[in-house]
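K.L.:
Going by the working numbering, the residue at position 244 of the sequence shown is 825; the numbering climbs one at a time, nothing skipped.
Attaching a single structure in structure tokens format; questions to follow.
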Amino acid sequence: MTDAPIDRVRARIAAIFGQWGRGTTLDEMRAGFAELVSHGRRPDMRSLAADGVPAGWFGAGDGVILYCHGGGYQMGSLVSHGALMADLAAASGTRVLGFDYRLAPEHRYPAALDDAVSVYRWVLDQGVDPARLAIAGDSAGAGLALATLLKAREEGFPLPAAAVFLSPWVDMELRGESYETRAAVDPLTQKAKVGMMVRAYIGREGDPSDPYVSPVNGDLAGLPPILIHVGNNETVLGDTELLQARRRCRDFGGGSGLGRHDPPLPGLSRVVGSPGIAGADRRLAARQDRLNRPLTAQPVPDAFRLRVRGLPNRGNAACA
582 MTDAPIDRVR
592 ARIAAIFGQW
602 GRGTTLDEMR
612 AGFAELVSHG
622 RRPDMRSLAA
632 DGVPAGWFGA
642 GDGVILYCHG
652 GGYQMGSLVS
662 HGALMADLAA
672 ASGTRVLGFD
682 YRLAPEHRYP
692 AALDDAVSVY
702 RWVLDQGVDP
712 ARLAIAGDSA
722 GAGLALATLL
732 KAREEGFPLP
742 AAAVFLSPWV
752 DMELRGESYE
762 TRAAVDPLTQ
772 KAKVGMMVRA
782 YIGREGDPSD
792 PYVSPVNGDL
802 AGLPPILIHV
812 GNNETVLGDT
822 ELLQARRRCR
832 DFGGGSGLGR
842 HDPPLPGLSR
852 VVGSPGIAGA
862 DRRLAARQDR
872 LNRPLTAQPV
882 PDAFRLRVRG
892 LPNRGNAACA
């Protein structure tokens with residue numbers, strides 16, 4: 582038995598991302614991404630400038646989650662990820678702050694990281710208690726969030742209480758075997774396409790091994806607890822496996838190693854909202870209770886213990 586809304590969104594994602602290749606221009610990529618989000622919700626957002634960076638608040642609550650949107654450092658915005666951030670705010674009972682960092686190739690590295698660090702510093706300057714602060718992101722946004730943690734530590738800023746990464750892209754050296762083994766089932770992030778994004782972000786002379794470019798190469802000791810979600814059929818799975826190897830992780834689902842699952846939708850399902858998908862999300866809710874189980878080594882504060890009902894089901898690992 583098939584689920585028509587899910588099938589439609591899956592086909593829509595495959596049709597757009599499956600056409601991307603070495604000859605795809607940035608304008609075509611951005612247009613395709615815009616097409617994906619054209620049917621998405623437009624939740625309420627309180628706009629502001631955070632140290633000069635366009636930003637927006639979603640939801641309400643005492644704590645803050647600073648969210649870095651994905652999009653390969655070339656796409657994405659407060660608009661494209663607004664529904665996801667609003668859902669995250671509702672699920673966690675915490676305010677979510679998103680921001681529009683500068684995109685490549687118009688603004689190459691370190692522009693995005695500079696913007697992220699500026700916003701992080703701005704949040705602290707507002708008097709937000711680091712114990713009530715988390716940082717999160719999806720795909721490239723997760724990599725940006727991890728790089729922000731490294732830079733914040735280097736500059737002596739207080740670190741947040743926790744981090745949440747969705748399908749993290751943290752290795753611009755593209756070392757994961759999953760780029761080959763999952764290529765046939767993941768139309769979103771084929772290795773050739775990702776290689777184009779790397780060059781757009783750092784330029785042909787840039788160093789992909791730089792720990793602020795590939796934050797998995799950084800010193801991960803002393804960072805806050807990290808909760809990771811990734812699908813078993815995603816080509817970026819290898820990034821999570823490498824991150825798992827670099828940092829002590831335990832399974833968040835009760836077994837050993839990294840819990841992985843086959844989500845019914847690719848990773849951008851919440852961003853490309855479509856009529857009927859909310860019902861599919863509710864059917865996934867029963868599998869999200871693992872997110873509420875405590876981290877044994879260094880518990881995530883209750884304010885950030887996510888009870889996610891709107892995000893796609895993914896494998897997960899808690900890293901201490």
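For each residue, glycine too, the CB sits at the ideal point set by N, CA and C.
Suppose contacts are defined by Cβ-Cβ distances below 7 Å. Is ASP767 in contact with THR816 by that definition?
P.N.:
yes
K.L.:
Starting from ALA679, trace the beta strand (DSSP E) both ways and give me its first and last residue.
P.N.:
One point to set straight first is that residue 679 is Gly, not Ala, in the sequence displayed. Per DSSP, GLY679 belongs to the beta strand (DSSP E) from 676-680.
K.L.:
Which of the three DSSP states is assigned to PHE833 in this structure?
P.N.:
With a pLDDT of only 39 at PHE833, under the threshold of 50, the placement of this residue in the model should not be trusted, and no figure is reported.
K.L.:
Does the separation of the CB atoms of MET753 and SER795 fall below 7 Å?
P.N.:
yes
K.L.:
Below 8 Å, can you find three or more Cβ-Cβ pairs linking the region 755-763 to the region 687-707?
P.N.:
no
K.L.:
Taking the alpha-carbon positions, what's the ALA743 to ASP625 distance?
P.N.:
If I take the Cα positions, the gap works out to 25 Å.
K.L.:
Straight-line CA distance for SER850 to ALA595?
P.N.:
Note on SER850: pLDDT 46, under 50, position unreliable in the model; the coordinate value appears next. Cα-Cα distance, rounded: 12 Å.
K.L.:
For my contact list, GLY637 and LEU659 are in at a C-beta cut-off of 8 Å; report their separation, rounded to the angstrom.
P.N.:
5 Å
K.L.:
Give the secondary structure of PHE614 by DSSP, where H, G and I count as helix, E and B as strand, and everything else as coil.
P.N.:
Assigned with DSSP and collapsed to three states, PHE614 falls in helix.
K.L.:
Tell me the DSSP secondary structure of LEU892 in three-state form.
P.N.:
Reliability of the predicted coordinates at LEU892 is poor, the pLDDT of 35 falling under 50, and the value obtained from them is presented with this limitation in mind. In the structure shown, LEU892 adopts coil according to DSSP, grouped into three states.
K.L.:
At 3 residues or longer, what runs of the beta strand (DSSP E) sit wholly inside the region 706-743?
P.N.:
Whole beta strand (DSSP E) segments, 3+ residues: 714-719.
K.L.:
Can you tell me where the alpha helix (DSSP H) with ALA797 in it begins and where it stops?
P.N.:
Checking the sequence, you will find Val at residue 797 rather than Ala. First-last for VAL797: undefined, no H or E at that position.
K.L.:
Quick one: residues in its chain with C-beta nearer than 8 Å to the C-beta of GLY663, no 5 flanking neighbours on either side, listed in chain order?
P.N.:
GLY621, ARG622, ARG623, PRO624, MET626, GLY637, PHE639 and GLY679
K.L.:
Within the same chain, show all residues whose beta-carbon is closer than 7 Å to that of ARG733, passing over the 5 residues directly before and after it, in chain order.
P.N.:
The question names Arg, yet the displayed sequence has Ala at residue 733. These residues qualify, in order along the chain: VAL698, TYR701 and LEU740.
K.L.:
Pick out whichever of VAL645, PHE746, THR605 and PRO805 has its Cα sitting closest to the Cα of ALA671.
P.N.:
Of VAL645, PHE746, THR605 and PRO805, the smallest CA-CA separation from ALA671 is found for VAL645.
K.L.:
GLY642: which of TYR682, LEU669 and ILE783 sits nearest, CA to CA?
P.N.:
LEU669
K.L.:
Can we say the region 796-809 touches the region 768-778, given the rule of at least three CB pairs closer than 8 Å?
P.N.:
no
K.L.:
I need the straight-line Cα distance from LEU705 to VAL797, nearest angstrom please.
P.N.:
25 Å
K.L.:
Consult DSSP for VAL704 and reduce its assignment to one of helix, strand or coil.
P.N.:
The three-state secondary structure of VAL704, taken from DSSP, is helix.
K.L.:
To the nearest angstrom, report how far apart LEU731 and PHE746 are at their CA atoms.
P.N.:
15 Å
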